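Worksheet for the structure shown next.
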Amino acid sequence: MHSWDLSTGVDGPGTRFVAFLSGCPLACLYCHNPDTWRMRAGTRTSADAVIAEAAKYVRFISVSGGGATVSGGEPSCSPSSPASCCTG
Ligand code: SF4
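In this note's numbering, the protein residues as written are -3 to 84.
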């Protein structure tokens, strides 16, 4: 994972826990997150660790009608499926 942030009004409804994954080969001209393009720019992190971090803010996120967003980089380029954070 490259980084995470709490975001309101940009990455989905309510306040979001936004996980920015590392790596994107597309290099879009107007990309907002070019610092995430390099696959090795992040830190190897387990889905459980990301969920544990997000859980610290769940009450705040819930009250705002928010949720979680997986962003990037390009999440589909991640070596493990971002969906593993979203199930179970
Ligand atoms: S992160 Fe998204 S906007 Fe940026 S270069 Fe990749 S696909 Fe394009």
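Just so it is clear, CB atoms sit at the ideal spot from N, CA and C, and this is done for glycine as well. This one's a predicted model, so the numbers in the text were calculated from it and none came from an experiment.
Check                                                                             : Outcome
Any non-hydrogen atom of ligand 1 closer than 6 Å to G68 Cβ                       : yes
Beta-carbon proximity of S67 to V14, cut-off 7 Å                                  : yes
Proximity test, L17 beta-carbon vs ligand 1 heavy atom, cut-off 6 Å               : no
8 Å CB neighbourhood of T65 in its chain, flanking five on each side removed      : S3, D7, G8, R12, F13, V14, A15
N-terminal and C-terminal residue of the beta strand (DSSP E) that A15 is part of : 11 to 16
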